[in-house]
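The numbering used here applies: residue 116 is where the sequence shown begins, and numbers increase by one.
We put the beta carbon where it would ideally sit given N, CA and C, even for glycine.
Step one of this worksheet: look at the structure below.
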Amino acid sequence: MKKKLAIFFLVIILSILSFLTYLSIFGFETDKFNLLLEKKISESQSDLKINLEKIKVKIDIKKLSFYVTAPKPKVKYKNTKFNLKKIDAYIDLSSFVFNQPEIYKANIVSEEIQIKELKKIAVYLKPSTFKKFLMNDVNNGKLNFNLEIDLQENKIKNYEINGFVKNLSLEIQKKQLKNLSFIYLIQKNFGELNNIRGNVEGFQINAGDISFKKDDNLEIRGNLKSDFKLDKTNFDDFVDEVYLKTLTNIEAHGNLTNKFVIIFDETLKVSNYDFSATGNLKKSKINFDK
116 MKKKLAIFFL
126 VIILSILSFL
136 TYLSIFGFET
146 DKFNLLLEKK
156 ISESQSDLKI
166 NLEKIKVKID
176 IKKLSFYVTA
186 PKPKVKYKNT
196 KFNLKKIDAY
206 IDLSSFVFNQ
216 PEIYKANIVS
226 EEIQIKELKK
236 IAVYLKPSTF
246 KKFLMNDVNN
256 GKLNFNLEID
266 LQENKIKNYE
276 INGFVKNLSL
286 EIQKKQLKNL
296 SFIYLIQKNF
306 GELNNIRGNV
316 EGFQINAGDI
326 SFKKDDNLEI
336 RGNLKSDFKL
346 DKTNFDDFVD
356 EVYLKTLTNI
366 EAHGNLTNKF
376 VIIFDETLKV
386 SNYDFSATGN
396 LKKSKINFDK
(Lines of atoms letter the chains of each structure in order from A and count residues from 1; the text may use other names and numbers.)
(Lines give C-alpha, C1' and ligand atoms only; values in the text may rest on other atoms or scores of the structure.)
Protein backbone atom coordinates (compact mmCIF):
# COMPACT_ATOMS: atom_id res chain seq x y z
CA MET A 1 0.00 0.00 0.00
CA LYS A 2 2.77 2.42 0.96
CA LYS A 3 4.58 1.57 -2.26
CA LYS A 4 1.47 2.35 -4.32
CA LEU A 5 0.99 5.69 -2.52
CA ALA A 6 4.65 6.58 -3.10
CA ILE A 7 4.33 5.78 -6.79
CA PHE A 8 1.07 7.77 -6.95
CA PHE A 9 2.60 10.90 -5.39
CA LEU A 10 5.72 10.51 -7.53
CA VAL A 11 3.58 10.44 -10.67
CA ILE A 12 1.68 13.53 -9.46
CA ILE A 13 4.94 15.42 -8.76
CA LEU A 14 6.46 14.43 -12.09
CA SER A 15 3.26 15.47 -13.88
CA ILE A 16 3.29 18.88 -12.18
CA LEU A 17 6.99 19.38 -12.97
CA SER A 18 6.43 18.35 -16.59
CA PHE A 19 3.47 20.75 -16.85
CA LEU A 20 5.48 23.63 -15.35
CA THR A 21 8.44 22.87 -17.64
CA TYR A 22 6.13 22.86 -20.66
CA LEU A 23 4.61 26.21 -19.63
CA SER A 24 8.05 27.77 -19.00
CA ILE A 25 9.34 26.71 -22.44
CA PHE A 26 6.33 26.69 -24.75
CA GLY A 27 3.45 28.28 -22.83
CA PHE A 28 -0.08 28.27 -24.18
CA GLU A 29 -1.79 30.71 -26.50
CA THR A 30 -4.69 32.88 -25.38
CA ASP A 31 -6.41 36.11 -26.39
CA LYS A 32 -7.60 37.08 -22.90
CA PHE A 33 -4.70 39.50 -22.29
CA ASN A 34 -4.64 41.27 -25.67
CA LEU A 35 -6.98 44.09 -24.68
CA LEU A 36 -5.32 44.48 -21.28
CA LEU A 37 -1.85 45.03 -22.72
CA GLU A 38 -3.06 47.24 -25.56
CA LYS A 39 -5.02 49.37 -23.08
CA LYS A 40 -2.11 49.75 -20.66
CA ILE A 41 0.18 50.89 -23.49
CA SER A 42 -2.40 53.36 -24.82
CA GLU A 43 -2.89 54.80 -21.32
CA SER A 44 0.83 55.56 -21.02
CA GLN A 45 1.14 57.06 -24.53
CA SER A 46 -1.98 57.98 -26.49
CA ASP A 47 -0.10 58.38 -29.78
CA LEU A 48 1.32 54.85 -29.55
CA LYS A 49 -0.84 52.18 -31.15
CA ILE A 50 -0.13 48.48 -30.82
CA ASN A 51 -1.76 45.37 -32.21
CA LEU A 52 -1.11 42.06 -30.48
CA GLU A 53 -2.06 39.12 -32.68
CA LYS A 54 -0.62 36.28 -30.62
CA ILE A 55 -0.07 36.06 -26.88
CA LYS A 56 1.36 33.18 -24.91
CA VAL A 57 1.17 32.65 -21.17
CA LYS A 58 4.40 31.32 -19.66
CA ILE A 59 5.74 30.59 -16.20
CA ASP A 60 8.98 32.03 -14.88
CA ILE A 61 10.12 29.26 -12.56
CA LYS A 62 13.03 31.28 -11.12
CA LYS A 63 10.74 34.15 -10.07
CA LEU A 64 7.77 31.91 -9.18
CA SER A 65 5.47 34.08 -11.28
CA PHE A 66 3.80 33.98 -14.65
CA TYR A 67 3.96 36.35 -17.59
CA VAL A 68 2.44 36.85 -21.00
CA THR A 69 4.65 37.22 -24.05
CA ALA A 70 3.62 38.75 -27.37
CA PRO A 71 5.98 37.96 -30.27
CA LYS A 72 6.40 40.45 -33.11
CA PRO A 73 3.68 42.95 -32.16
CA LYS A 74 2.66 45.58 -34.73
CA VAL A 75 3.58 49.02 -33.38
CA LYS A 76 2.80 52.46 -34.77
CA TYR A 77 3.71 55.87 -33.35
CA LYS A 78 1.88 58.69 -35.12
CA ASN A 79 2.42 57.66 -38.75
CA THR A 80 5.66 55.72 -38.24
CA LYS A 81 5.77 51.94 -37.95
CA PHE A 82 8.64 50.10 -36.30
CA ASN A 83 9.36 46.50 -35.45
CA LEU A 84 9.57 44.89 -32.04
CA LYS A 85 10.79 41.38 -31.39
CA LYS A 86 8.56 40.77 -28.38
CA ILE A 87 6.81 42.24 -25.35
CA ASP A 88 6.76 40.39 -22.02
CA ALA A 89 4.42 41.51 -19.24
CA TYR A 90 4.65 40.09 -15.73
CA ILE A 91 1.29 39.95 -13.96
CA ASP A 92 0.72 39.94 -10.22
CA LEU A 93 -0.82 36.60 -9.28
CA SER A 94 -3.11 38.00 -6.55
CA SER A 95 -4.55 40.65 -8.90
CA PHE A 96 -5.19 37.92 -11.46
CA VAL A 97 -7.10 35.84 -8.90
CA PHE A 98 -9.44 38.79 -8.23
CA ASN A 99 -9.95 39.28 -11.97
CA GLN A 100 -8.15 42.64 -12.00
CA PRO A 101 -4.81 41.72 -13.55
CA GLU A 102 -2.09 44.25 -12.78
CA ILE A 103 1.19 44.45 -14.69
CA TYR A 104 4.14 45.02 -12.35
CA LYS A 105 6.97 44.53 -14.84
CA ALA A 106 7.40 44.76 -18.61
CA ASN A 107 10.19 43.80 -20.95
CA ILE A 108 10.24 45.22 -24.50
CA VAL A 109 12.78 43.90 -27.02
CA SER A 110 13.22 45.54 -30.42
CA GLU A 111 14.38 44.35 -33.77
CA GLU A 112 17.25 46.24 -35.42
CA ILE A 113 16.09 49.81 -36.06
CA GLN A 114 17.46 52.34 -38.53
CA ILE A 115 18.40 55.74 -37.09
CA LYS A 116 16.45 57.33 -39.95
CA GLU A 117 13.27 55.67 -38.60
CA LEU A 118 13.95 57.09 -35.13
CA LYS A 119 14.20 60.57 -36.62
CA LYS A 120 10.65 60.22 -37.93
CA ILE A 121 9.49 59.64 -34.35
CA ALA A 122 11.77 62.33 -32.87
CA VAL A 123 9.98 64.96 -34.97
CA TYR A 124 7.06 64.74 -32.54
CA LEU A 125 9.16 65.01 -29.37
CA LYS A 126 9.34 68.17 -27.31
CA PRO A 127 12.33 70.47 -28.03
CA SER A 128 15.44 69.28 -26.21
CA THR A 129 19.20 69.05 -26.58
CA PHE A 130 18.89 65.35 -27.43
CA LYS A 131 16.29 66.00 -30.15
CA LYS A 132 18.44 68.74 -31.69
CA PHE A 133 21.50 66.46 -31.61
CA LEU A 134 19.65 63.52 -33.16
CA MET A 135 17.99 65.54 -35.91
CA ASN A 136 20.97 67.73 -36.89
CA ASP A 137 24.18 65.87 -36.02
CA VAL A 138 23.42 62.15 -36.42
CA ASN A 139 23.47 60.99 -40.03
CA ASN A 140 22.76 57.27 -39.99
CA GLY A 141 23.31 54.02 -38.13
CA LYS A 142 21.45 51.09 -36.58
CA LEU A 143 20.50 50.10 -33.05
CA ASN A 144 18.43 47.76 -30.96
CA PHE A 145 17.19 47.92 -27.39
CA ASN A 146 15.99 45.78 -24.51
CA LEU A 147 13.86 47.86 -22.16
CA GLU A 148 12.92 46.60 -18.69
CA ILE A 149 10.35 48.62 -16.74
CA ASP A 150 9.23 48.17 -13.13
CA LEU A 151 5.71 49.49 -12.57
CA GLN A 152 3.79 50.47 -9.47
CA GLU A 153 0.19 51.63 -9.77
CA ASN A 154 0.66 52.00 -13.55
CA LYS A 155 3.59 54.37 -13.04
CA ILE A 156 7.25 53.72 -13.89
CA LYS A 157 9.13 52.99 -10.67
CA ASN A 158 12.45 52.01 -12.24
CA TYR A 159 13.87 51.17 -15.64
CA GLU A 160 16.88 49.79 -17.48
CA ILE A 161 17.61 49.88 -21.19
CA ASN A 162 20.48 48.14 -22.93
CA GLY A 163 21.46 47.18 -26.44
CA PHE A 164 23.91 47.98 -29.20
CA VAL A 165 24.57 50.72 -31.75
CA LYS A 166 26.51 50.06 -34.97
CA ASN A 167 27.55 51.81 -38.19
CA LEU A 168 26.82 55.15 -36.52
CA SER A 169 28.00 58.30 -38.28
CA LEU A 170 27.65 61.76 -36.80
CA GLU A 171 29.25 65.19 -36.64
CA ILE A 172 30.44 66.94 -33.47
CA GLN A 173 31.96 70.41 -33.71
CA LYS A 174 32.61 69.91 -37.43
CA LYS A 175 34.42 66.62 -36.79
CA GLN A 176 33.19 63.52 -38.61
CA LEU A 177 32.79 60.35 -36.54
CA LYS A 178 32.25 57.29 -38.71
CA ASN A 179 31.53 53.57 -38.27
CA LEU A 180 31.00 53.94 -34.54
CA SER A 181 29.77 50.90 -32.63
CA PHE A 182 29.25 50.24 -28.94
CA ILE A 183 27.18 48.39 -26.37
CA TYR A 184 25.15 50.59 -24.03
CA LEU A 185 23.41 50.36 -20.68
CA ILE A 186 21.25 53.16 -19.25
CA GLN A 187 19.58 53.25 -15.83
CA LYS A 188 17.93 56.05 -13.88
CA ASN A 189 21.13 57.65 -12.53
CA PHE A 190 23.80 55.62 -14.27
CA GLY A 191 24.87 54.66 -17.76
CA GLU A 192 27.80 53.25 -19.69
CA LEU A 193 29.06 52.63 -23.20
CA ASN A 194 31.39 49.66 -23.70
CA ASN A 195 33.38 48.14 -26.56
CA ILE A 196 33.56 51.50 -28.32
CA ARG A 197 35.04 51.35 -31.81
CA GLY A 198 35.08 53.81 -34.68
CA ASN A 199 36.99 56.32 -36.76
CA VAL A 200 37.47 60.01 -35.95
CA GLU A 201 39.45 61.84 -38.66
CA GLY A 202 42.72 59.93 -38.52
CA PHE A 203 42.12 58.19 -35.19
CA GLN A 204 40.94 54.58 -35.24
CA ILE A 205 39.34 53.81 -31.87
CA ASN A 206 39.99 50.12 -31.12
CA ALA A 207 38.60 49.88 -27.60
CA GLY A 208 37.03 52.14 -25.03
CA ASP A 209 34.38 52.78 -22.45
CA ILE A 210 32.52 55.84 -21.18
CA SER A 211 30.30 55.95 -18.10
CA PHE A 212 28.20 58.56 -16.32
CA LYS A 213 26.85 58.75 -12.79
CA LYS A 214 24.27 61.25 -11.55
CA ASP A 215 24.14 62.14 -7.85
CA ASP A 216 24.28 65.75 -6.73
CA ASN A 217 26.64 66.29 -9.67
CA LEU A 218 27.01 64.63 -13.06
CA GLU A 219 30.27 62.72 -13.45
CA ILE A 220 31.52 61.36 -16.79
CA ARG A 221 34.53 59.04 -17.02
CA GLY A 222 36.14 57.65 -20.14
CA ASN A 223 38.98 55.52 -21.41
CA LEU A 224 39.78 55.28 -25.13
CA LYS A 225 42.54 53.37 -26.93
CA SER A 226 43.28 54.24 -30.53
CA ASP A 227 45.77 54.03 -33.39
CA PHE A 228 46.41 57.17 -35.39
CA LYS A 229 47.62 57.96 -38.89
CA LEU A 230 47.71 61.72 -39.30
CA ASP A 231 48.70 63.85 -42.28
CA LYS A 232 48.66 67.58 -42.92
CA THR A 233 44.87 67.72 -43.21
CA ASN A 234 44.51 66.31 -39.67
CA PHE A 235 46.88 68.73 -37.93
CA ASP A 236 44.67 71.85 -38.03
CA ASP A 237 43.69 71.37 -34.37
CA PHE A 238 47.23 70.63 -33.15
CA VAL A 239 49.55 72.97 -35.06
CA ASP A 240 49.32 76.74 -35.51
CA GLU A 241 48.04 77.64 -38.99
CA VAL A 242 50.96 80.02 -39.62
CA TYR A 243 53.48 77.27 -38.87
CA LEU A 244 51.46 74.71 -40.84
CA LYS A 245 51.77 76.85 -43.99
CA THR A 246 55.57 76.48 -43.84
CA LEU A 247 55.27 72.70 -44.22
CA THR A 248 54.76 70.81 -47.45
CA ASN A 249 54.05 67.58 -45.60
CA ILE A 250 53.66 66.28 -42.05
CA GLU A 251 52.82 62.74 -40.98
CA ALA A 252 52.58 60.88 -37.68
CA HIS A 253 51.73 57.24 -36.97
CA GLY A 254 51.32 55.66 -33.52
CA ASN A 255 48.91 54.72 -30.77
CA LEU A 256 47.29 56.62 -27.94
CA THR A 257 45.44 55.97 -24.68
CA ASN A 258 43.20 58.74 -23.35
CA LYS A 259 41.65 58.92 -19.89
CA PHE A 260 39.32 61.68 -18.77
CA VAL A 261 36.99 62.71 -15.97
CA ILE A 262 34.50 65.58 -16.30
CA ILE A 263 32.30 66.76 -13.43
CA PHE A 264 29.29 69.03 -14.00
CA ASP A 265 27.44 70.93 -11.27
CA GLU A 266 23.66 71.15 -10.92
CA THR A 267 23.48 73.73 -13.74
CA LEU A 268 25.54 71.42 -16.01
CA LYS A 269 28.49 73.78 -15.85
CA VAL A 270 31.91 72.09 -15.77
CA SER A 271 33.11 72.26 -12.17
CA ASN A 272 36.17 70.02 -12.49
CA TYR A 273 37.96 67.90 -15.06
CA ASP A 274 41.05 65.78 -15.56
CA PHE A 275 42.61 64.55 -18.80
CA SER A 276 45.66 62.40 -19.46
CA ALA A 277 47.13 60.79 -22.56
CA THR A 278 49.97 58.33 -23.13
CA GLY A 279 51.13 56.76 -26.35
CA ASN A 280 53.85 55.74 -28.76
CA LEU A 281 54.97 57.58 -31.87
CA LYS A 282 55.98 54.84 -34.30
CA LYS A 283 56.64 56.94 -37.39
CA SER A 284 56.85 60.64 -38.19
CA LYS A 285 57.80 62.76 -41.16
CA ILE A 286 58.06 66.54 -41.65
CA ASN A 287 58.93 68.35 -44.88
CA PHE A 288 59.48 72.12 -44.80
CA ASP A 289 58.67 74.48 -47.64
CA LYS A 290 61.88 75.60 -49.37
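CB of residue i within 7 angstroms of CB of residue j, strictly
i: residue 257; j: residue 227; result: yes
i: residue 378; j: residue 387; result: yes
i: residue 347; j: residue 325; result: no
i: residue 88; j: residue 223; result: The structure shown does not extend to residue 88, since the chain is modelled only from 116 through 405, so no value can be given for it.
i: residue 297; j: residue 320; result: no
i: residue 192; j: residue 264; result: no
i: residue 323; j: residue 345; result: no
i: residue 181; j: residue 190; result: no
Pairwise C-alpha distance: residue j and residue i
i: residue 231; j: residue 129; result: 52 angstroms
i: residue 287; j: residue 151; result: 44 angstroms
i: residue 332; j: residue 167; result: 42 angstroms
i: residue 221; j: residue 262; result: 8 angstroms
i: residue 329; j: residue 304; result: 5 angstroms
i: residue 218; j: residue 243; result: 31 angstroms
i: residue 336; j: residue 165; result: 39 angstroms
i: residue 195; j: residue 188; result: 14 angstroms
i: residue 206; j: residue 307; result: 30 angstroms
i: residue 375; j: residue 278; result: 24 angstroms
i: residue 302; j: residue 273; result: 8 angstroms
i: residue 245; j: residue 397; result: 39 angstroms
i: residue 163; j: residue 154; result: 11 angstroms
i: residue 238; j: residue 127; result: 58 angstroms
i: residue 255; j: residue 280; result: 11 angstroms
i: residue 290; j: residue 247; result: 17 angstroms
i: residue 240; j: residue 391; result: 38 angstroms
i: residue 229; j: residue 380; result: 34 angstroms
i: residue 382; j: residue 309; result: 27 angstroms
i: residue 384; j: residue 268; result: 36 angstroms
i: residue 251; j: residue 292; result: 14 angstroms
Cβ-based neighbour list, residue i, same chain, cut-off 6 angstroms, excluding 5 preceding and 5 following
i: residue 318; result: 341 and 343
i: residue 400; result: 366
i: residue 183; result: 148, 170, 172 and 204
i: residue 185; result: 167, 170 and 202
i: residue 260; result: 225, 276 and 278
i: residue 327; result: 306 and 335
i: residue 393; result: 372
i: residue 199; result: 188, 190 and 225
Assumed close pair residue i, residue j - CB separation to whole angstroms, cut-off 8 angstroms
i: residue 285; j: residue 253; result: 5 angstroms
i: residue 282; j: residue 314; result: About 11 angstroms; that fails the 8 angstroms criterion.
i: residue 249; j: residue 233; result: 7 angstroms
Residues of its chain near residue i, where Cβ-Cβ distance is below 7 angstroms and the 5 sequence neighbours each way are ignored
i: residue 349; result: 316 and 317
i: residue 395; result: 369 and 370
i: residue 389; result: 375 and 376
i: residue 271; result: 264
Check: residue i C-beta below 6 angstroms from any heavy atom of the ligand SAH
i: residue 275; result: Absence of the ligand SAH is noted for the structure shown, with no ligands found whatsoever.
Close-in-space but distant-in-sequence residues of the same chain around residue i (CB under 8 angstroms, 5 per side omitted)
i: residue 122; result: none
Exercise for the section: Entirely within the stretch 229-284 and at least 4 residues each: give me those alpha helix (DSSP H) ranges in chain order. Expected result: 230-237 and 244-251
Practice task
Identify every run of the alpha helix (DSSP H) within the stretch 313-350, keeping only runs that are complete inside it and at least 4 residues long; order them along the chain.
Solution key: none
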